[in-house]
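Take a look at the structure below.
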Amino acid sequence: MMHDGETLLSVRGVSKMYPGTRALDGVNLDVRGGEIHALVGGNGCGKSTLIKILSGIVQADAGEVHIAGHTMEAARMHPRFAHDLGIRVVHQDLAVFPDLSVAENLRLGTDYPATRLGQVRWRELHQGARDAIRKLDIAARPTDLIRDLPVAVRAQIAAARAMRGMDGRHGIIILDEPTASLPRHEVHVLFKAVRRMAAEGHAVVFVSHRLDEVLELTQRVTVMRDGMVVGEHATASLTEQDLIGSILGERSTMDRTERQVAADRLEIHGPGHAPGPLVLKVADLDAGPLRNVDLELRPGEVVGVAGLLGSGRTELLRALYGDLRLASGRVELNGRHVAFRNPGQAIAAGVIMVPEDRVNGGIFPNLTVDENMSVSVLGKYWRGGWFRRAAIERDAGVLRKRFRVKTPSGDVAIRSLSGGNQQKIVMGRWLRLGPSLLLLDEPTQGVDVGARADIYSAVREVVAAGGAALIVTSDLEELAQVVDRAIVLHEGRIVAEVRAPELSAQGLNEVIYQRGEESSVVV
Ligand SMILES: Nc1ncnc2c1ncn2[C@@H]1O[C@H](COP(=O)(O)OP(=O)(O)OP(=O)(O)O)[C@@H](O)[C@H]1O
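For the sequence shown, full-length UniProt numbering gives the first residue as 1, with consecutive numbering after it.
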């Protein structure tokens, strides 16, 4: 693959200070045309801040940006300049509209070609779309609706849209965690488009916490830690362990004892009653798309839920959380029949859910970090009419350490934290309740490699004390590593249960796919 082109993007000495946080400290980054360049680092190391500066949304305090012969002060970047210089960002949420066609999505944000009377020139619109699709070899037609396409193809469309207006020049395409919401087996579809972009001479910056993807896709890697660049490597010279070591730095070894002390002091514990034979028993449950679901979870079990998007994975968790009405069926928690009419009742009974959509369902953006950590247990801090603020701070401080939350203090609004750090707080908040049943929907999305292990070990601690967990993740590698067994959902039904030794990403993939194909034959 071509990656010895000239340097298209050169970032020099870029710094950015937020109140209480040095987000970037003298960052240098060079990316060549034709190269796929990874930008990696732990949660809160400054990746998003750098991207925002490059795209002109946030102004740096110091430094320069050189793009294809133009020099800009990083403090003066502006979205318009950034766009004109060929900088394009594809965000994790893709920002494609499900009810619009491929051609319409490709033109979003610009005027449609129209006659003088204002009629859309559909032929021209579709021809433009066909060209864009051909360029990246995308398996879609201009008239297809986005919602009918696999997620990876939607990501390709988002990538194709980013190339718009490049007019034959070479641009800088920044892909910000583009695979976070993609099923693992679809990732290669997006990779194909990314490789095409590089082969055309564009510079591609790939931001990801998934290190196997970094190793597979990219030619060079820049590693950031605490707002600084700590290394730049040829990908071929790295192993995954090298990369983890470089990302975590001393954190991987030094503070282990410190964290152990924190863990020992912390009230992360299990449900605190003698475990019965079953934590959860679900019989013949129908709810939303779910049909005839039977499921039993024993104390100490961590069970995965696999299946394609739309198979009913999230709905299963919501049904158990009182967030989706049951049409029929029986649910027992620790041997007692329960029928939650809302999540409040579920939480009171020791069932908690960490939703996938953190922004709408997980955090209180305007509350502080410590308040967000403590909302699950606020009652505990009222004593004799006084609110024990100091105790909240002390306990939340222990939790922050336990999950290595990167924040200037517990007093800042949670919305100013990086995405991964917000997720750690949501997890910590619920785990400290010592729930009986943990329902986790994509719990490690956007979470760095160090914290991922912390989160799963905390889950294990909770279940070891007599609870159980049900985990949905589209990362099948991860699922296979962290669960005891997995159920596979297809069109709302449990179609298989996979245990060791079949419990591997490949084994799960086969079951999921086999089912997909069988049904498409039947339909
Ligand atoms: N608007 C803001 N106000 C205050 N602090 C901020 C703001 N935005 C980011 N920060 C801080 O700057 C640091 C870098 O955050 P950034 O979002 O760039 O990290 P990141 O590497 O993208 O992390 P992640 O992998 O979790 O997305 C963090 O400590 C964060 O708390």
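Just so it is clear, CB atoms sit at the ideal spot from N, CA and C, and this is done for glycine as well.
Please report the residue range of the alpha helix (DSSP H) in which Arg196 lies. Val187 to Ala199 is the extent of the alpha helix (DSSP H) around Arg196.
Do the segment 206-221 and the segment 29-36 touch if we need at least three Cβ pairs shorter than 8 Å? Judged by Cβ distances under 8 Å, the segment 206-221 makes contact with the segment 29-36, as three or more pairs qualify.
Distance, Gly434 Cα to Val462 Cα: Going from the Cα of Val462 to the Cα of Gly434 covers about 6 Å.
Would DSSP call Gly41 helix, strand or coil? The answer is strand: DSSP assigns Gly41 an E or B state.
Is Ile494 helix, strand or coil when you go by DSSP? Ile494: strand per DSSP, three-state reduction.
Boundaries of the alpha helix (DSSP H) in which Gly397 is found, first to last residue: Where Gly397 is concerned, the enclosing alpha helix (DSSP H) stretches over Arg389 to Arg402.
How close, in whole Å, do the beta carbons of Leu479 and Gly245 come, if the pair is a contact with beta carbons under 8 Å? That belief does not hold up - the Cβ atoms of Leu479 and Gly245 are roughly 25 Å apart, past 8 Å.
Pop quiz: Leu285 and Val331 are said to be a contact at Cβ under 8 Å. What is the actual Cβ separation, rounded to whole angstroms? Right, their Cβ atoms sit about 7 Å apart.
Rounded to the nearest angstrom, what separates Asp370 and Gly397 at their Cα positions? Whole-angstrom Cα-Cα distance: 8 Å.
Report the partner residues of Asp84 according to the DSSP bridge assignment. Note: Asp84 sits in no beta bridge, so no partner.
Do you know offhand how far Thr143's Cα is from Leu136's? C-alpha separation (whole angstroms): 17 Å.
Go through its chain and collect everything with a Cβ distance to Ala349's Cβ below 8 Å, but skip five positions before and after it. Closer than 8 Å at the Cβ level, and outside the excluded window around Ala349, lie Leu333, Val338, Phe340 and Ser436.
If you pair each beta-carbon of the segment 496-513 with each one of the segment 469-488, do three or more pairs fall below 8 Å? As far as the Cβ criterion goes, the segment 496-513 touches the segment 469-488, which means the pair count is three or higher.
Assuming Leu439 and Met353 are in contact, meaning their beta carbons sit under 8 Å apart, how far apart are those beta carbons, in whole angstroms? Your pair Leu439 and Met353 checks out as a contact, with CB atoms roughly 4 Å apart and the cut at 8 Å.
With contact counted as at least three CB pairs below 8 Å, one residue from each stretch, are the segment 143-163 and the segment 175-194 in contact? Touching, yes.
I'd like the span of the beta strand (DSSP E) that includes Ser55, first residue to last. Careful: Ser55 lies outside any beta strand (DSSP E) and carries neither H nor E.
Alpha carbons only, please: which of Asp475, Ile53, Arg429 and Met163 is nearest the one belonging to Asp395? Comparing Cα-Cα distances from Asp395 to each of Asp475, Ile53, Arg429 and Met163, the minimum goes to Arg429.
Could you name the residues of the same chain whose beta carbon sits closer than 8 Å to that of Leu100, not counting the 5 residues immediately before and after it, in chain order? By the criterion of a C-beta distance shorter than 8 Å, Leu100 is surrounded in its chain by Leu108, Leu145 and Ile146, once the five residues flanking it on both sides are discounted.
Beta carbon of Val89: closer than 8 Å to some heavy atom of ligand 1? Result no, Cβ not under 8 Å from ligand 1.
Strand pairing of Phe206, partner residues [DSSP]: For Phe206, which the question treats as bridged, DSSP gives the partners Ala38 and Leu175.
Under 9 Å between C-beta atoms of residue 555 and Ile455: Residue 555 lies beyond the stretch modelled for the chain, which goes from 1 to 523, so this question has no answer here.
Say yes only if the C-beta of His188 is nearer than 8 Å to one or more non-hydrogen atoms of ligand 1, and no if none qualify. A distance criterion of 8 Å places the beta-carbon of His188 beyond contact range of ligand 1, judged by its closest non-hydrogen atom.
Can you name, in chain order, every residue of its own chain whose Cβ lies under 7 Å from the Cβ of Phe191, other than the five neighbours on each side? Same-chain partners within the cutoff: Leu217.
Report yes if the CB atom of Asn28 is closer than 9 Å to the CB atom of Val40, and no otherwise. Cβ atoms of Asn28 and Val40: not closer than 9 Å.
For Arg161, three-class secondary structure by DSSP: Of the three classes helix, strand and coil, the one that applies to Arg161 here is helix, per DSSP.
Per DSSP, cross-strand counterpart(s) of Gly304: DSSP lists Ile471 and Ala486 as partners of Gly304.
Is Lys406 near ligand 1, in the sense that its beta carbon is under 8 Å from a heavy atom of that ligand? Flag set: Cβ of Lys406 near ligand 1.
Any heavy atom of ligand 1 closer than 8 Å to the Cβ of Met353? Met353 has its Cβ no nearer than 8 Å to any heavy atom of ligand 1.
So, with DSSP's three-state summary, where would you put Ile67? Correct three-state label for Ile67: strand.
When you compare only the Cα positions, how much space is there between Gly419 and Lys47? Distance between the alpha carbons of Gly419 and Lys47: 11 Å.
On the DSSP bridge list, what partners appear for Glu232? Paired residues: Thr222.
Exposed or buried, which one is Gly344 when buried takes at least 16 other CB atoms within 10 Å? Taking all protein chains in view, the Cβ of Gly344 is surrounded by fewer than 16 other Cβ atoms within 10 Å, so the residue is classified as exposed.
Ser15 and Asp61 closer than 9 Å at C-beta: Between Ser15 and Asp61, the gap from beta carbon to beta carbon is short of 9 Å.
DSSP three-state label for Thr49, please. Three-state DSSP puts Thr49 in a helix.
Is Ala453 near ligand 1, judged by its Cβ being under 8 Å from some heavy atom? No - ligand 1 has no heavy atom lying nearer than 8 Å to the Cβ of Ala453.
Within the present structure, is the beta-carbon of His209 separated from the nearest heavy atom of ligand 1 by less than 8 Å? Correct: His209 has its Cβ closer than 8 Å to ligand 1.
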